[in-house]
Each structure stands twice: as C-alpha cells, then as structure tokens.
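Undergrad: Quick one: the structure is below, questions incoming.
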Amino acid sequence: MEAEGLDWLLVPLHQLVSWGAAGAMVFGGVVPYIPQYRDIRRTQNAEGFSTYVCLVLLVANILRILFWFGRHFESPLLWQSIVMILTMLLMLKLCTEVRVTNELNVKRRFFAAADTQDEAIKPPPRRSYLDFDPRHFWHWSSFGDYVQCVVAFTGVAGYITYLSIDSALFVETLGFLAVLTEAMLGVPQLYRNYRHQSTEGMSIKMVFMWTSGDAFKTAYFLLNGAPLQFSVCGLLQTPVCSLERAHKPRKG
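Residue numbering for the sequence shown follows the working numbering, starting at 3 and increasing by one per position.
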C-alpha cells in the first residue's frame, strides 16, 4: 500500500533516469574528444592524434546505422551513431586544416582526381582516378576528400545492405562487423604511440573518458537488452582502451 502511494514519485523519477541515461548514450560518446579537439586547436599540432581513430569510428557507426535497417534497436543507439559520425568529421576537418598549414611544401594528395590552377600550368603526372596508394590513404590534403571517401563507402555498403537485407545471416554479420570495428578504436592510437615512442600531443583525458565511457555503455547495453553485438563491443572495447591508458612509452 505504501509502495503504491509512492508511485506518483517513483514513476516520474524512473522516467527521468531513463531519459538521462539515453541522453548520456547519445552525447556521452563525443565528450572524450572535446579535450583532444581543444588541445589541437590551441597548439595547432595534430601529430599526437591518430586520424585512423576517426576512420575506425566512421566505418563502425556507418555499419551500425545500416544494421539498424535490418534489426531495429533502441533509438538512442541510432542517434549516438549519427552524432559520432558528425563529431569524427569535425575532428578530421580540424586535423586536416592544421596538418596542411604545417606542411606548406608537401605535395598535395587527393582521394579523387581534381584540376587546380597549378595543374593547369604544369601537367600533372598520370595517375588513377582514386589515390589508393597505401602510403597516402587517409592522409589527404583536403577535408573534402575524406567526405568523398566516406560517401563512397556509405554508398557501396548501403547498396550491398539493400540487396541482402532479407538475409538474417547477413544482418547479424553486419552487426558484429560494426561492433568489432568499434571495439578496435584504441588500436590506431596505441600503434601511433608505439611507433613514435611518445604520447606527446595525445589527450590523457580523452583516453580516461574512453575507458569510463565504455564501462557505462556496456552496463547500458546489458540493462536495456540491446542486441548481443553491442554487449560484445563494450566487453572488448573496455580492455583495449585500458591498455591504451596504461601504455605510456618514453618520448623519443
């Protein structure tokens, strides 16, 4: 009887907590990148941040959105993917602008062939339409080239999904590909730190927020009955980010 009398308080409180958790899921994933974004703008140096982190998250979240068309999951998780894609594009835009500014004499590289004034004066060497040289991939000189690459990937993956959407095996595999890709988000940064033997330029706050955020996401997935793929992602992603936090090689 007493519990029933408290329903007027418990029900709205439960709803408020649910809304708060959903909001944290949608926007919480972008919070770790705020200190890194501010550091890059302040120092005008993007060398400490691996833009392959952006590539991993763009691929993972595009695949996750496509997975939603085959198996609807909670709306907050869908909106989280959309917000994360926009955030990664902003990070790429800043990193590209800073890198190009600091590399004035470096030859420009493009995802797709384009004519410029300089090329009109001096004929460029013959090359293929798409610059998929492994040495230059994801290291282009214009933000527009990254956008073209993302759009091209989305178009191809979307078309394949459209043709195979009725296959339960394909849909479930797509979901696992999405979350396993996302689980590896810390690997590019870990490799970059190891190769340079330095963590200079990398925001430690970002890595700490990665770890705590992944723990929160895993709990959210389990409590809200999200598809199995999401829980697997959280369980794999947390130790990877913890390793990234612990790995502090000496400065070269």
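Heads up, the beta-carbon is just placed ideally off N, CA and C, and yes, glycines get one too.
Please name the residue in 172, 149 and 158 whose C-alpha comes closest to that of residue 88.
TA: Residue 88 has its Cα closest to that of 149, out of 172, 149 and 158.
Undergrad: Can you give the Cα-Cα distance for residue 103 and residue 45, rounded to whole angstroms?
TA: Between residue 103 and residue 45, the C-alpha separation is close to 13 Å.
Undergrad: Between the segment 59-66 and the segment 78-88, can you find at least three pairs of beta-carbon atoms closer than 8 Å?
TA: Cβ pair count under 8 Å is three or more, so yes.
Undergrad: Since I believe residue 159 is in contact with residue 69 (beta carbons under 8 Å), could you give me their beta-carbon distance rounded to a whole number of angstroms?
TA: In fact, because the Cβ distance is near 11 Å, the residues do not count as touching under 8 Å.
Undergrad: Please check the pair residue 35 and residue 93, which I expect to be a contact at CB under 8 Å, by giving their CB distance rounded to whole angstroms.
TA: Correct: roughly 6 Å between the Cβ atoms.
Undergrad: Select from 197, 187, 174 and 191 the residue whose C-alpha is nearest the C-alpha of residue 74.
TA: Checked all of 197, 187, 174 and 191; the closest Cα to residue 74 is 174.
Undergrad: According to DSSP, is residue 30 helix, strand or coil?
TA: It is helical.
Undergrad: Quick check: the Cα distance between residue 21 and residue 65, rounded to an integer number of angstroms?
TA: Approximately 25 Å, taken between the alpha carbons.
Undergrad: How big is the Cα-Cα spacing for residue 259 and residue 82?
TA: Nothing in the structure corresponds to residue 259, since the chain is present only between 3 and 254.
Undergrad: For residue 25 and residue 78, I'd like the C-alpha separation in whole angstroms.
TA: Each residue's Cα considered, the two are about 7 Å apart.
Undergrad: Take residue 63 as the anchor and find which of 105, 80, 170 and 188 has the nearest alpha-carbon.
TA: Closest by alpha carbon: 80.
Undergrad: So what does DSSP say about residue 66, is it helix, strand or coil?
TA: Here residue 66 sits in helix by DSSP.
Undergrad: Can you grab the Cα-Cα spacing for the pair residue 182 / residue 188, in whole Å?
TA: Between residue 182 and residue 188, the C-alpha separation is close to 12 Å.
Undergrad: Round the Cβ separation of residue 176 and residue 72 to the nearest angstrom and send it over; I've been treating them as touching at under 8 Å.
TA: The pair is a contact, with the Cβ atoms about 7 Å apart (cut-off 8 Å).
Undergrad: Buried or exposed for residue 162, please, with buried defined as at least 16 other CB atoms from any protein chain shown within 10 angstroms of its CB.
TA: Counting Cβ neighbours within 10 Å, residue 162 comes out exposed, since fewer than 16 surround it.
Undergrad: Can you tell me which of 15, 43 and 49 puts its alpha carbon nearest to the alpha carbon of residue 194?
TA: The residue with the shortest Cα to Cα distance from residue 194 is 49.
Undergrad: Does the beta-carbon of residue 38 have 16 or more other beta-carbons within 10 angstroms, so that it is buried, or is it exposed?
TA: That one is buried.
Undergrad: With 16 as the cutoff for other CB atoms within 10 Å, does residue 147 come out buried or exposed?
TA: Looking at its Cβ environment, which holds 16 or more other Cβ atoms inside 10 Å, residue 147 is buried.
Undergrad: Hey, residue 167 and residue 97 are a contact pair by Cβ (cut 8 Å); roughly how many whole angstroms apart?
TA: Not really, about 35 Å apart at Cβ, beyond 8 Å.
Undergrad: Evaluate residue 191 with the Cβ neighbour count: other Cβ atoms within 10 Å of its Cβ, from every protein chain shown; 16 or more gives buried, anything less gives exposed.
TA: The residue in question, residue 191, is buried, as its Cβ has 16 or more Cβ neighbours within 10 Å.
Undergrad: Please classify residue 153 as buried or exposed, where buried requires at least 16 other C-beta atoms within 10 Å of its C-beta.
TA: Flag for residue 153 reads exposed.
Undergrad: Which first and last residues belong to the alpha helix (DSSP H) in which residue 258 is found?
TA: Lying outside 3 to 254, the shown extent of the chain, residue 258 is not represented and no answer is given.
Undergrad: Which residue's Cα is closest to the Cα of residue 143: 156, 101 and 23?
TA: Selected option, being the one with the closest Cα: 101.
Undergrad: Can you tell me whether residue 52 is helix, strand or coil according to DSSP?
TA: If DSSP states are grouped into helix, strand and coil, residue 52 belongs with coil.
Undergrad: Just how far apart, CA to CA, sit residue 121 and residue 105?
TA: Annotation note: pLDDT 43 at residue 121 (below 50); position unreliable, coordinate value reported separately. Going by the C-alpha atoms only, they are around 19 Å apart.
Undergrad: Going by beta-carbon coordinates alone, are residue 145 and residue 95 separated by less than 8 Å?
TA: Yes.
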